[in-house]
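Colleague: The structure follows.
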């Protein structure tokens with residue numbers, strides 16, 4: 002069974018006076034992603050790659066078309082059901098890390114587990130293990146403001162993977178990092194994809210970064226072009 | 025594939041969720057400590073000022089009430105039914121066995137006195153006043169008479185004399201030791217004339233009080249006004265002057281055989297004081313609502329700003345799977361921490377103010393010359409538990425409403441827009 006399946010997925014925005022201008026951010030997209038795949042979505046600005054990622058992440062609803070995460074149809078789910086689905090099945094890594102500033106690295110990783118109702122001891126063990134795995138075993142008690150951009154992004158990856166999601170969605174994860182840190186981060190994602198079998202969908206506009214993925218999708222004007 | 029396989033419950037349990045929310049709220053409180061400290065201070069000051077202001081308003085209200093009741097000698101008054109419209113000796117109470125039995129059955133302490141309108145004449149002037157024929161020792165021990173400052177004697181050694189107020193003495197151009205003539209009508213509507221020596225001059229806290237009453241012994245008044253075995257007024261002291269209704273009803277029932285008597289409490293006898301009491305009652309609530317309403321607007325403004333500042337953070341919480349209801353609770357809890365701590369702090373400060381002022385405040389320099397009861401005595405703060413209850417309720421209600429708006433704004437955020445907010 003596919004991890005993700007999209008059928009004729011479209012997302013239109015309306016702008017201008019009386020919403021006269023229709024912007025087709027996503028236009029009749031069909032997509033299927035299989036378990037364990039590492040997929041990159043690339044394209045110029047405005048090509049619709051982030052919109053597609055938001056759809057896959059159940060953060061946005063399509064104007065038309067259908068989208069499934071495994072066997073679960075996302076269309077028509079309410080806000081609470083979508084939140085539950087994200088918590089259970091999805092992990093996110095954002096361009097600007099988006100860690101909770103008042104929590105330490107460990108607490109940030111534990112946060113999602115805590116939302117899932119995992120008990121204190123296994124939660125801490127899993128958070129420490131994930132932080133160890135991303136190379137931050139020594140920095141578990143540091144707050145985001147006390148870490149570099151690369152370190153924060155590693156915490157974000159640890160947070161996203163700690164809950165063992167079916168699908169990890171990464172939105173320009175290396176956009177704010179230097180080339181060496183980017184390479185380290187991409188090697189880490191590749192290694193996690195292989196060792197944990199986590200399906201990863203990554204949006205990037207960096208041609209070097211997109212080649213870390215085994216399958217590359219290119220988008221233009223809201224459509225998949227190859 | 026359909027959407028029938030909707031999300032099963034996958035969130036933390038009740039305690040786990042609240043632990044998470046409270047922990048995050050606690051951290052966020054310290055994160056914005058300067059702003060939260062000012063908010064907290066505003067709530068505390070608002071609470072303390074409203075409470076302390078209420079203590080003083082209540083103090084003044086109760087002072088007015090107490091002085092009024094003290095002037096009557098009790099909170100419930102018994103008169104001949106015609107006395108209220110025409111308070112003369114003819115309309116008196118026969119202290120017969122049935123009346124005495126009813127009074128004693130009431131279980132309330134009581135005192136009676138002769139009350140007759142008279143004219144006083146000195147060598148130079150004449151003035152009207154109310155003659156009070158009293159049980160001297162009891163009045164001196166139990167009523168407001170004990171607070172009068174007396175020059176001379178208050179009928180204890182010279183029982184055939186009269187005691188008048190300083191202002192009346194000035195009006196009559198007379199003084200201690202001089203004689204005056206007292207004119208009036210006895211219970212048979214016959215003219216009564218009595219020459220009496222001024223044995224005492226009293227000083228009250230207002231000139232109107234010093235002009236109002238003159239005192240003789242009850243025995244002398246009974247003789248002079250043909251009221252042997254009779255009296256004009258019986259004052260009963262109910263333990264709670266604000267709850268006299270049941271006592272009035274009980275006494276009315278016991279005295280129903282004596283149809284010529286009427287039982288009234290201080291509200292009926294002094295409707296202006298009762299109206300003032302009700303007015304102050306409303307004022308206290310309005311004072312609370314206005315003060316805390318203004319505070320609520322400040323609270324909404326600051327909390328909305330705090331939510332807007334953290335838009336991305338709320339976007340993240342949504343993205344990682346926090347339910348909208350939990351986000352709402354998160355913002356509410358963060359506001360309520362400020363509210364509850366502010367309330368507690370304000371309560372402590374107001375308690376401090378209460379104890380600081382409990383010795384009484386001398387307000388005579390502001391109220392000197394004012395003739396309203398209770399205006400010319402030290403002001404003591406009074407705590408009404410109902411005021412504290414209503415204030416806390418109003419703070420919680422306003423606080424809840426004030427924090428609900430920003431909380432709903434946080435929930436209404438579009439996660440994608442929130443995450444992309446810079």
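Protein chains in written order, with the working numbering: chain S, 2 to 227; chain A, 25 to 446.
We put the beta carbon where it would ideally sit given N, CA and C, even for glycine.
Let me know the secondary structure DSSP gives residue 334 (chain A) once reduced to three states.
Modeller: The answer is coil: DSSP assigns residue 334 (chain A) none of H, G, I, E or B.
Colleague: So which residues of chain A does residue 122 (chain S) contact, with C-beta pairs closer than 7 Å?
Modeller: Here the premise fails: no neighbours, minimum Cβ distance about 13 Å.
Colleague: Using only alpha-carbon positions, find the residue among A:218, A:217, A:222 and A:99 that is nearest to residue 198 (chain A).
Modeller: Of the candidates A:218, A:217, A:222 and A:99, the one whose C-alpha sits nearest the C-alpha of residue 198 (chain A) is A:222.
Colleague: Between the Cα of residue 420 (chain A) and the Cα atoms of A:71, A:50 and A:40, which residue gives the shortest distance?
Modeller: With distances taken between Cα atoms, residue 420 (chain A) lies closest to A:71.
Colleague: What are the boundary residues of the beta strand (DSSP E) that residue 141 (chain A) is part of?
Modeller: Note, residue 141 (chain A): beta strand (DSSP E), 134 to 145.
Colleague: Determine the closest residue to residue 53 (chain A) out of S:102, S:147, S:10 and S:4, with distance taken between C-alpha atoms.
Modeller: That would be S:102, whose Cα lies nearest to the Cα of residue 53 (chain A).
Colleague: Looking only at its own chain, which residues have a Cβ that is under 6 Å from the Cβ of residue 80 (chain A), when we skip the five neighbours before and after it?
Modeller: Excluding residues within five positions, the ones whose Cβ falls inside 6 Å are 405.
Colleague: Is there a Cβ from chain S that is less than 8 Å from the Cβ of residue 29 (chain A)?
Modeller: Note on residue 29 (chain A): pLDDT 38, under 50, position unreliable in the model; the coordinate value appears next. For residue 29 (chain A), the answer is yes, since a Cβ of chain S falls inside 8 Å of its Cβ.
Colleague: Check residue 269 (chain A) in the structure and name its three-state DSSP category.
Modeller: If DSSP states are grouped into helix, strand and coil, residue 269 (chain A) belongs with the helices.
Colleague: For residue 168 (chain A), does the three-state DSSP call read helix, strand or coil?
Modeller: Residue state, collapsed to three classes: helix.
Colleague: Does the beta-carbon distance from residue 164 (chain A) to residue 238 (chain A) come in below 8 Å?
Modeller: Against a cut-off of 8 Å, the Cβ pair of residue 238 (chain A) and residue 164 (chain A) comes out as no contact.
Colleague: Taking residue 220 (chain S) as part of the beta strand (DSSP E), name the residues at either end of that continuous run.
Modeller: Looking at the DSSP string, the run of the beta strand (DSSP E) that includes residue 220 (chain S) is 216 to 221.
Colleague: For the beta strand (DSSP E) holding residue 419 (chain A), just list the boundary residues, first then last.
Modeller: Taken as a continuous stretch (DSSP letters only), residue 419 (chain A) belongs to no beta strand (DSSP E), being part of the alpha helix (DSSP H) at 409 to 436.
Colleague: Check residue 445 (chain A) in the structure and name its three-state DSSP category.
Modeller: Note: residue 445 (chain A) maps to coil in three-state DSSP.
Colleague: Going residue by residue through the region 152 to 209 of chain S, where are the continuous alpha helix (DSSP H) segments of at least 4 residues, counting only ones entirely within it?
Modeller: Here the runs fully enclosed are 180 to 197.
Colleague: Count the other CB atoms, across all protein chains shown, that sit within 10 Å of the CB of residue 321 (chain A); report buried if there are 16 or more and exposed otherwise.
Modeller: Label assigned to residue 321 (chain A): exposed.
Colleague: Tell me whether the region 73 to 88 of chain A and the region 205 to 225 of chain A touch, counting them as touching only if at least three CB pairs, one residue from each stretch, are closer than 8 Å.
Modeller: Taking 8 Å as the limit for Cβ pairs, the verdict is that the region 205 to 225 of chain A does not touch the region 73 to 88 of chain A.
Colleague: Residues in its own chain within less than 6 Å of residue 370 (chain A) by CB, not counting five upstream and five downstream?
Modeller: Excluding sequence neighbours, residue 370 (chain A) sits near 68, 71 and 72.
Colleague: Output yes if chain S places a C-beta closer than 8 Å to the C-beta of residue 36 (chain A); else output no.
Modeller: Judged by the 8 Å Cβ criterion, residue 36 (chain A) is in contact with chain S.
Colleague: At a cut of 8 Å, does the region 422 to 429 of chain A reach the region 323 to 332 of chain A through at least three beta carbon pairs?
Modeller: At 8 Å Cβ cutoff, the stretches touch.
Colleague: Please indicate yes or no: does the CB of residue 152 (chain A) lie closer than 7 Å to some heavy atom of the ligand ZN?
Modeller: Only the bare structure without any ligand can be found here, which leaves the ligand ZN out of the picture.
Colleague: In the region 183 to 254 of chain A, which residue ranges form an unbroken beta strand (DSSP E) of at least 3 residues, counting only runs that do not cross its ends?
Modeller: Counting only runs of 3 or more, we get 185 to 189, 203 to 209, 215 to 227 and 237 to 241.
Colleague: Where in the region 300 to 380 of chain A do unbroken runs of the alpha helix (DSSP H), each at least 4 residues long, occur, reported from the N-terminal end onward?
Modeller: With a minimum length of 4 residues, the continuous alpha helix (DSSP H) runs that stay inside the region 300 to 380 of chain A are 335 to 343.
Colleague: Indicate whether at least one CB of chain S lies closer than 8 Å to the CB of residue 25 (chain A).
Modeller: Only weak support is given to the placement of residue 25 (chain A): the predicted model assigns it a pLDDT of 41, under 50, and the value that follows is read from those uncertain coordinates. Chain S, which has a Cβ nearer than 8 Å to the Cβ of residue 25 (chain A), makes this yes.
Colleague: Suppose contacts are defined by Cβ-Cβ distances below 8 Å. Is residue 355 (chain A) in contact with residue 331 (chain A) by that definition?
Modeller: Contact flag set, yes.
Colleague: Excluding the 5 residues preceding and the 5 following residue 27 (chain A) in the sequence, name in chain order all residues of the same chain whose CB lies nearer than 8 Å to its CB.
Modeller: The pLDDT assigned to residue 27 (chain A) is 41, lower than 50, so where the model puts this residue is not dependable; a value taken from the coordinates is nonetheless given after this. Cβ neighbours of residue 27 (chain A) beyond the five flanking positions: none.
Colleague: Between the region 100 to 117 of chain A and the region 241 to 259 of chain A, do at least 3 Cβ pairs fall closer than 8 Å?
Modeller: Result yes; three or more Cβ-Cβ pairs closer than 8 Å.
Colleague: Output the boundary residues of the alpha helix (DSSP H) element that contains residue 121 (chain A).
Modeller: Here the alpha helix (DSSP H) through residue 121 (chain A) covers 121 to 129.
Colleague: Does the beta carbon of residue 81 (chain S) sit closer than 8 Å to a beta carbon anywhere in chain A?
Modeller: Residue 81 (chain S) counts as touching chain A.
Colleague: CB-CB under 7 Å to residue 203 (chain A), same chain, minus the five flanking residues each way: which ones, in chain order?
Modeller: Cβ within range, chain order: 219, 220 and 221.
Colleague: Using the beta-carbon count (16 or more within 10 Å), is residue 22 (chain S) buried or exposed?
Modeller: Looking at its Cβ environment, which holds fewer than 16 other Cβ atoms inside 10 Å, residue 22 (chain S) is exposed.
Colleague: For residue 96 (chain A) versus residue 298 (chain A), is the C-beta distance shorter than 8 Å?
Modeller: Going by C-beta atoms, residue 96 (chain A) is not nearer than 8 Å to residue 298 (chain A).
Colleague: Evaluate residue 25 (chain A) with the Cβ neighbour count: other Cβ atoms within 10 Å of its Cβ, from every protein chain shown; 16 or more gives buried, anything less gives exposed.
Modeller: Note on residue 25 (chain A): pLDDT 41, under 50, position unreliable in the model; the coordinate value appears next. Residue 25 (chain A) comes out exposed.
Colleague: Run through chain D and tell me which residues come within less than 8 Å of residue 113 (chain S), C-beta to C-beta.
Modeller: Of the chains in the structure shown, none is chain D; the protein chains are S and A.
Colleague: Quick check: the Cα distance between residue 92 (chain A) and residue 158 (chain A), rounded to an integer number of angstroms?
Modeller: Cα to Cα, the separation comes out at about 18 Å.
Colleague: With respect to the alpha helix (DSSP H) encompassing residue 130 (chain S), which residues constitute its N-terminal and C-terminal limits?
Modeller: Taken as a continuous stretch (DSSP letters only), the alpha helix (DSSP H) holding residue 130 (chain S) covers 121 to 134.
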